[in-house]
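Protein chains in written order, with the numbering used here: chain A, 43 to 252; chain B, 43 to 252; chain C, 43 to 252; chain D, 43 to 252.
Protein chains: 4
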Amino acid sequence: MSPPKPRATATTGRPRDDAARQAILRATADLLEEVGFGKLSIEGIAAQAGVAKTTIYRWWHNKGVLALEAFLTAVSPKIAFTETAAPLEDLRAQVQRVGKLYRGKTGRILCELIALGQADAETHRQLLDGYLTPRRTVAKACLQRAIAQGVLRDDIDLNVMIDAIYGPIWYRMMLRHGPLDVAYIDALLDLALYGLTISPRRRPCPPGQR
Amino acid sequence: MSPPKPRATATTGRPRDDAARQAILRATADLLEEVGFGKLSIEGIAAQAGVAKTTIYRWWHNKGVLALEAFLTAVSPKIAFTETAAPLEDLRAQVQRVGKLYRGKTGRILCELIALGQADAETHRQLLDGYLTPRRTVAKACLQRAIAQGVLRDDIDLNVMIDAIYGPIWYRMMLRHGPLDVAYIDALLDLALYGLTISPRRRPCPPGQR
Amino acid sequence: MSPPKPRATATTGRPRDDAARQAILRATADLLEEVGFGKLSIEGIAAQAGVAKTTIYRWWHNKGVLALEAFLTAVSPKIAFTETAAPLEDLRAQVQRVGKLYRGKTGRILCELIALGQADAETHRQLLDGYLTPRRTVAKACLQRAIAQGVLRDDIDLNVMIDAIYGPIWYRMMLRHGPLDVAYIDALLDLALYGLTISPRRRPCPPGQR
Amino acid sequence: MSPPKPRATATTGRPRDDAARQAILRATADLLEEVGFGKLSIEGIAAQAGVAKTTIYRWWHNKGVLALEAFLTAVSPKIAFTETAAPLEDLRAQVQRVGKLYRGKTGRILCELIALGQADAETHRQLLDGYLTPRRTVAKACLQRAIAQGVLRDDIDLNVMIDAIYGPIWYRMMLRHGPLDVAYIDALLDLALYGLTISPRRRPCPPGQR
DNA sequence: AAATAATCGAGACGGTACGTCTGGTCTTACC
DNA sequence: GGTAAGACCAGACGTACCGTCTCGATTATTT
Chain A
43 MSPPKPRATA TTGRPRDDAA RQAILRATAD LLEEVGFGKL SIEGIAAQAG
93 VAKTTIYRWW HNKGVLALEA FLTAVSPKIA FTETAAPLED LRAQVQRVGK
143 LYRGKTGRIL CELIALGQAD AETHRQLLDG YLTPRRTVAK ACLQRAIAQG
193 VLRDDIDLNV MIDAIYGPIW YRMMLRHGPL DVAYIDALLD LALYGLTISP
243 RRRPCPPGQR
Chain B
43 MSPPKPRATA TTGRPRDDAA RQAILRATAD LLEEVGFGKL SIEGIAAQAG
93 VAKTTIYRWW HNKGVLALEA FLTAVSPKIA FTETAAPLED LRAQVQRVGK
143 LYRGKTGRIL CELIALGQAD AETHRQLLDG YLTPRRTVAK ACLQRAIAQG
193 VLRDDIDLNV MIDAIYGPIW YRMMLRHGPL DVAYIDALLD LALYGLTISP
243 RRRPCPPGQR
Chain C
43 MSPPKPRATA TTGRPRDDAA RQAILRATAD LLEEVGFGKL SIEGIAAQAG
93 VAKTTIYRWW HNKGVLALEA FLTAVSPKIA FTETAAPLED LRAQVQRVGK
143 LYRGKTGRIL CELIALGQAD AETHRQLLDG YLTPRRTVAK ACLQRAIAQG
193 VLRDDIDLNV MIDAIYGPIW YRMMLRHGPL DVAYIDALLD LALYGLTISP
243 RRRPCPPGQR
Chain D
43 MSPPKPRATA TTGRPRDDAA RQAILRATAD LLEEVGFGKL SIEGIAAQAG
93 VAKTTIYRWW HNKGVLALEA FLTAVSPKIA FTETAAPLED LRAQVQRVGK
143 LYRGKTGRIL CELIALGQAD AETHRQLLDG YLTPRRTVAK ACLQRAIAQG
193 VLRDDIDLNV MIDAIYGPIW YRMMLRHGPL DVAYIDALLD LALYGLTISP
243 RRRPCPPGQR
């Protein structure tokens with residue numbers, strides 16, 4: 043009982059104050075943007091949220107899960123797939139949208155949260171389940187529509203496909219060895235779709251697709 | 043003179059004790075492996091190296107640059123390009139070697155150092171200059187040999203090419219959403235080289251190419 | 043609020059732990075006796091008291107005020123005036139008692155605290171208010187009784203009188219140029235009371251005066 | 043041999059650099075005035091004197107003896123006895139001169155040096171031999187002249203006499219519980235000379251003496 | 001209505017590590 | 001051999017947060 047776990051149910055007693063919860067998440071998100079995860083402190087959050095440290099520790103095990111929840115709450119709404127008739131164009135639009143997001147502070151924070159997950163299994167799991175997997179699932183659906191329409195090979199593991207598309211985006215986001223701009227992402231998608239090797243076929247734009 | 047910067051030159055006075063320097067770097071590398079960057083402490087390093095804290099602060103601004111230097115000193119020798127007649131095979135071998143390294147603790151530490159670079163420009167610069175850029179330079183040379191031999195397209199920015207190949211490796215190293223094993227890397231290289239889209243050509247390519 | 047001042051009142055929050063306070067004062071007094079103020083360290087006190095350094099800094103600005111409070115707490119009870127019918131004998135007894143105390147470690151510590159007060163106004167004030175003034179007040183009352191009984195001149199500032207009596211005691215305590223023994227103190231009192239100059243009268247004074 | 047003792051004689055090698063010695067003493071005296079003994083640091087002295095720390099440690103065991111020597115060098119010349127035909131007036135003039143000196147920074151420093159002597163026997167000895175004893179010797183001579191002239195009692199230990207005169211001065215210098223001004227010193231001398239008790243004789247100013 | 005129970009704020013507590021300062025020692029090159 | 005420069009080990013400094021622990025006050029449900 044000593045580790046303060048989030049209560050599953052509490053039938054009696056004073057109910058959880060949702061205003062405090064919101065204030066904490068908000069303060070965390072703000073500070074995360076302002077100073078980054080590295081310099082985030084529970085005391086700072088408590089002060090900014092006008093809340094006692096106890097209240098934070100009561101509901102979140104550690105800085106990581108709190109930061110993560112705050113991050114997810116703030117960022118998740120900003121990325122969503124559109125769904126049109128042309129799956130590859132959907133994909134291209136979505137990747138561009140992600141790229142734009144990752145260029146900024148969101149990318150910086152995300153990177154810190156990933157690093158955090160290296161040491162703490164729970165943070166890692168939460169990051170995957172709460173952020174990565176849902177987005178990959180949507181992306182898979184998009185790719186499957188493309189396969190169904192016969193514009194993509196059907197002999198490759200979807201997970202590998204997605205890695206090939208998103209991997210380089212994350213790579214540049216984290217290493218920052220070059221710009222993560224529209225042109226780069228476009229070139230990258232071309233490469234992923236048509237390969238590096240010399241071949242008779244190019245991306246000859248099936249008439250009407252582009 | 044109050045900010046303790048690494049001296050550029052010191053013609054007089056007691057010279058720097060290289061034994062202490064080595065001990066510090068060694069202790070740092072060991073602790074980095076043992077507990078990760080997150081739980082690395084200067085006090086711990088000083089104790090393990092048998093050195094005063096001041097000696098550390100005299101030569102390294104902060105934990106980041108020290109950890110980075112220790113990391114580079116320890117890891118750099120472990121990755122090198124072979125050079126044979128078949129550049130694409132060189133590439134494949136090298137990527138597999140990198141993949142193997144990133145599967146383990148090295149990957150975990152690297153990921154923390156990257157996150158660190160998000161907030162501190164100097165750490166970021168040092169990571170790029172000391173680690174990433176040299177490796178990319180070698181990789182570029184390899185790709186250029188392949189282009190010269192006519193097995194790779196010559197109309198694509200080399201930086202984008204390299205991103206397409208290495209990006210997904212790093213992606214999996216950091217997110218750990220799937221195994222970073224030999225089969226994955228092989229599949230990834232095939233994809234990068236031949237593309238996702240449906241084409242008459244497949245990898246066991248035109249006779250005589252391999 | 044950044045300078046950690048002793049709180050005036052705290053209506054809310056966890057109340058101050060008096061056990062910790064006592065332990066700190068006790069440890070300080072002990073170490074003061076053992077090693078003197080010069081080698082007193084907050085870390086040492088914290089360790090001996092089984093207390094965190096922060097707890098000390100929370101309630102005492104610096105080593106000086108802590109040492110002083112510990113000193114006063116430990117020493118004050120040891121000196122008190124007796125009150126008999128013969129004020130001059132009361133005085134003589136009290137001065138001898140003080141002399142005995144100052145011969146030992148108490149004197150040594152007191153001397154260090156006085157030196158400390160030279161640089162820090164607050165320490166100085168606290169030393170005067172907490173130690174010196176109360177004792178001088180009592181001594182004044184004693185002298186006034188003597189004056190009322192007609193055995194002491196009534197035309198001299200009481201403060202000067204007291205200085206004349208106690209000054210030489212402190213002088214020898216601090217300079218240690220000679221013994222601070224019973225004989226010395228007796229001789230001193232005779233001198234103070236009857237003067238240095240040649241006069242017909244000697245201490246076993248005119249009949250009827252005592 | 044490890045404790046660096048001041049060399050007694052050095053028949054060979056480079057002779058001691060007196061310029062360095064002077065610079066060190068001067069810097070020490072200056073810093074002593076400026077920040078007091080408590081915040082005096084060897085590093086500061088070395089920096090201000092343009093001298094290596096080694097050079098200081100070679101010639102002085104510790105901060106105390108250095109500070110003391112610097113103090114004596116700077117202060118000694120400021121106090122000297124005059125010698126006239128009226129010993130008691132000489133005394134009065136000298137005590138006033140001492141009082142004036144002790145009112146200022148000299149007193150503050152002196153007090154710190156005395157405290158220092160509580161813990162370190164050598165410092166204490168040096169303070170007595172170098173400062174106190176010579177001054178007391180001169181004062182004794184003065185008193186003896188007064189005794190020879192028949193204006194002072196000859197049945198009292200000279201040491202006690204001197205304590206009775208100088209003790210209260212030091213007392214006020216160190217405790218600062220009241221002003222150390224001309225009037226105070228005058229009153230004090232009267233008291234010391236003529237006593238506190240009621241007697242037919244007052245200081246009736248032997249004609250021509252005052 | 002009272003009792004019970006969990007929440008909340010405030011803030012003290014024992015700790016760990018921080019980055020700095022100074023004390024003394026040593027090592028080197030120069031004079 | 002003395003000296004300036006400065007690196008070295010050692011250890012205390014005062015601060016920032018950590019995660020835990022009382023408190024008194026508040027807000028519900030259950031008797």
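From the three backbone atoms N, C-alpha and C, an ideal C-beta is built for every residue, glycine too.
Rounded distance between the beta-carbons of residue j and residue i, thought under 8 angstroms
i        : j        : result
C/Tyr144 : C/Leu222 : 6 angstroms
C/Ala116 : C/Ile87  : Contact flag wrong, Cβ pair sits at about 14 angstroms.
D/Arg134 : D/Leu231 : 6 angstroms
A/Cys153 : A/Met215 : 7 angstroms
A/Cys184 : A/Phe113 : Wrong, their Cβ atoms sit about 24 angstroms apart, outside the cutoff.
D/Ala234 : D/Ile207 : 5 angstroms
B/Arg100 : B/Ile121 : About 31 angstroms; that fails the 8 angstroms criterion.
C/Gly80  : D/Ala161 : 5 angstroms
Start-to-end residues for the alpha helix (DSSP H) that takes in residue i
i        : result
D/Glu125 : From DSSP, D/Glu125 is part of no alpha helix (DSSP H); its letter is neither H nor E.
A/Asn104 : Note, A/Asn104: premise wrong, no alpha helix (DSSP H); not H, not E.
A/Ile207 : 200-217
Residue i - DSSP class collapsed to helix/strand/coil
i        : result
A/Leu222 : coil
B/Leu194 : strand
C/Arg56  : coil
C/Gly86  : helix
D/Lys182 : helix
D/Ile98  : helix
C/Ile121 : coil
C/Phe79  : coil
A/Val137 : helix
D/Gly159 : helix
C/Gly146 : coil
D/Gly237 : coil
C/Gly92  : coil
C/Ala229 : helix
A/Arg49  : For A/Arg49, the predicted model reports a pLDDT of 46, less than 50, meaning its position is unreliable and no value from the coordinates is stated.
C/Ala62  : helix
Proximal residues of chain B, C-beta to C-beta of residue i below 8 angstroms
i        : result
A/Ile156 : Cys153, Ala157, Met216, Leu217
A/Pro129 : The premise fails here: A/Pro129 is roughly 12 angstroms from chain B at the closest Cβ pair, so nothing lies under 8 angstroms.
Partners in chain A for residue i, counting only beta-carbon separations shorter than 7 angstroms
i        : result
B/Asp199 : Ala229
B/His166 : Arg218
Neighbour list for residue i in chain B, Cβ cutoff strictly below 9 angstroms
i       : result
A/Asp72 : The premise fails here: A/Asp72 is roughly 16 angstroms from chain B at the closest Cβ pair, so nothing lies under 9 angstroms.
Per-residue contacts from residue i into chain C (C-beta, under 9 angstroms)
i        : result
D/Tyr208 : Gly209, Pro210, Tyr213
D/Ala89  : Neighbours of D/Ala89 on chain C: none; closest Cβ ~21 angstroms, over 9 angstroms.
Residue i: contacting residues in chain D (beta-carbon distance under 9 angstroms)
i        : result
C/Gly78  : Gln160, Ala161
C/Asp223 : By Cβ distance, chain D contributes nothing, its closest Cβ being about 12 angstroms from C/Asp223, past 9 angstroms.
Within chain D, the residues that residue i reaches when beta carbons sit closer than 7 angstroms
i        : result
C/Val140 : Within 7 angstroms Cβ-Cβ: nothing; C/Val140 doesn't reach chain D, min ~13 angstroms.
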